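Report on the following structure.
Numbering (the working numbering), first residue to last: 3 to 429.
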């Protein structure tokens, strides 16, 4: 028969792989209930494979993403040999929707652009450092940094709730007065300020390095040098109480910052909007640094996985070291001995893997490469992302064990999209 089923069942500490021969490969011991559930799923998939008309009934269950439970189906696709997209994990969307319904990105794009990355940083963060020019005696004219909370408006402009007695508010007011004195029309001009914000580098960010032997490789925290950050330079404008978006801003601020309800109605507090004229994005130490056009920033969408990605990265680095090693060896084709490997980021288009390997026989000569492993379709939820990651691990396991899917010369059988994005050697 030309029909086959490819089914992955992911458990809390084990994974079941069911190749086309219907033989079950157990990577680790599972409970009897797991085996029963697996058997039932295989039977349903077999029935669907031998009776294509049954797919209209089965597909809502066997093609869905993995639900959050100890025993869950990551991907179960039953199809015939003529549809190679399902073999690659690109199962048709329900109700006839195409993959383009999930994202406006081109299917060949596997990395977020710099505008999306910048917008993601400012969207995830809710606080930062506001840099003003000091007006205090003795340090007048010196840069002055203050910790501030903020939310974003619909265009991505930071909105701050500022106290008139705060030093940064005083600095801004003094600068406006000084600008007015030098203006022929006596028009108050807001001075330039900069809001600096960065993704957290503590345990909230996750992504600690993992040793190849599964010992964790060190701390489960991410270095502050590795995280993305963004600086927005522009002018501050006081938002009038009659502004069209005032009600929405008040609600966003009270949700993001619990204390706001107690102070936002005080006459000593007022909302200010930072209108960026220059935006500078840094992707991490030695990764990417670029000026971003404010208009491009305003129209960009933040990554849908941004808030959940740190937890995913930390968990994958802690629990899937063996899968990461298989991916590096069989998909990335790393030939040298791997000293350290860790996942550094996951977003809706793919994931980044950093591999440190030993060059030759010299113990002190190391090569660190950063790879981008793309998803075949952009994901639209955390569960979709987990499913795509498991598919990558599955393909690495299959390749390492000699399993082949489809004809080797089939042009439609596309490999996992991979690109090397950075390389560095240390001797």
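Note that the Cβ used here is the ideal one computed from N, Cα and C, for glycine as well.
Note that the structure is predicted; figures quoted are calculated from it, not measured.
Under the three-state reduction of DSSP, which class applies to residue i: helix, strand or coil?
| i | result |
| --- | --- |
| residue 114 | coil |
| residue 383 | coil |
| residue 347 | strand |
| residue 277 | strand |
| residue 309 | coil |
| residue 262 | helix |
| residue 34 | Residue confidence for residue 34 is low, a pLDDT of 48 falling below 50, so the modelled location carries little weight; the figure read from the coordinates is stated next. DSSP places residue 34 in helix when its eight states are reduced to three. |
| residue 179 | helix |
| residue 298 | helix |
| residue 367 | coil |
| residue 120 | helix |
| residue 171 | helix |
| residue 337 | coil |
| residue 318 | helix |
| residue 331 | helix |
| residue 135 | strand |
| residue 146 | strand |
| residue 392 | helix |
| residue 398 | helix |
Could you work out which residue in the options is closest to residue i when comparing CA atoms only?
| i | options | result |
| --- | --- | --- |
| residue 243 | 178, 421, 268 and 328 | 268 |
| residue 385 | 313, 147, 114 and 275 | 313 |
| residue 120 | 232, 168 and 138 | 232 |
| residue 367 | 426, 310, 284 and 259 | 426 |
| residue 323 | 253, 360 and 392 | 392 |
| residue 351 | 419, 296, 371 and 320 | 419 |
| residue 346 | 228, 383 and 310 | 228 |
| residue 292 | 139, 234, 126 and 402 | 234 |
| residue 349 | 264, 304 and 147 | 304 |
| residue 358 | 388, 331, 149 and 377 | 331 |
| residue 273 | 388, 290, 403 and 255 | 255 |
| residue 402 | 136, 390, 325 and 117 | 325 |
| residue 266 | 129, 166 and 377 | 166 |
| residue 143 | 153, 114, 180 and 116 | 180 |
| residue 130 | 240, 298 and 276 | 276 |
| residue 132 | 316, 337 and 146 | 146 |
| residue 115 | 316, 294, 309 and 149 | 294 |
| residue 337 | 315, 321 and 362 | 362 |
| residue 306 | 382, 197 and 176 | 382 |
| residue 287 | 141, 424 and 138 | 424 |
| residue 168 | 329, 138, 310 and 388 | 138 |
Where do the N-terminal and C-terminal ends of the alpha helix (DSSP H) with residue i fall, by residue?
| i | result |
| --- | --- |
| residue 255 | 248-258 |
| residue 160 | Careful: residue 160 lies outside any alpha helix (DSSP H), inside the beta strand (DSSP E) at 160-165. |
| residue 325 | 323-328 |
Straight-line CA distance for residue i to residue j?
| i | j | result |
| --- | --- | --- |
| residue 280 | residue 400 | 48 Å |
| residue 195 | residue 170 | 10 Å |
| residue 262 | residue 151 | 10 Å |
| residue 405 | residue 397 | 9 Å |
| residue 374 | residue 124 | 23 Å |
| residue 173 | residue 327 | 53 Å |
| residue 218 | residue 202 | Because residue 218 sits at a pLDDT of 42, beneath the cut-off of 50, its placement in the model cannot be relied upon, and the point is left open. |
| residue 237 | residue 134 | 11 Å |
| residue 206 | residue 319 | Here the model assigns residue 206 a pLDDT of 37, short of 50, so the residue's position is not dependable and the matter cannot be decided. |
| residue 127 | residue 199 | 7 Å |
| residue 302 | residue 249 | 24 Å |
| residue 354 | residue 372 | 7 Å |
| residue 270 | residue 252 | 16 Å |
| residue 475 | residue 284 | Residue 475 cannot be examined here, being either before or after the span of the chain that is shown, 3 to 429. |
| residue 380 | residue 155 | 26 Å |
| residue 422 | residue 112 | 12 Å |
| residue 417 | residue 395 | 13 Å |
| residue 157 | residue 122 | 13 Å |
| residue 378 | residue 117 | 22 Å |
| residue 282 | residue 296 | 10 Å |
| residue 290 | residue 300 | 20 Å |
What are the start and end residues of the beta strand (DSSP E) that includes residue i?
| i | result |
| --- | --- |
| residue 291 | 290-294 |
| residue 127 | Segment: none, residue 127 is in no beta strand (DSSP E) and carries neither H nor E. |
| residue 433 | Because the chain here runs from 3 to 429, residue 433 falls outside it and cannot be looked at. |
| residue 199 | 194-200 |
| residue 358 | 352-360 |
Using a threshold of 7 Å, is the CB atom of residue i nearer than that to any non-hydrogen atom of the ligand MG?
| i | result |
| --- | --- |
| residue 163 | Absence of the ligand MG is noted for the structure shown, with no ligands found whatsoever. |
Indicate whether the contact test is met: 3 or more Cβ pairs, each with one atom in the region 160-173 and one in the region 326-342, closer than 8 Å. no
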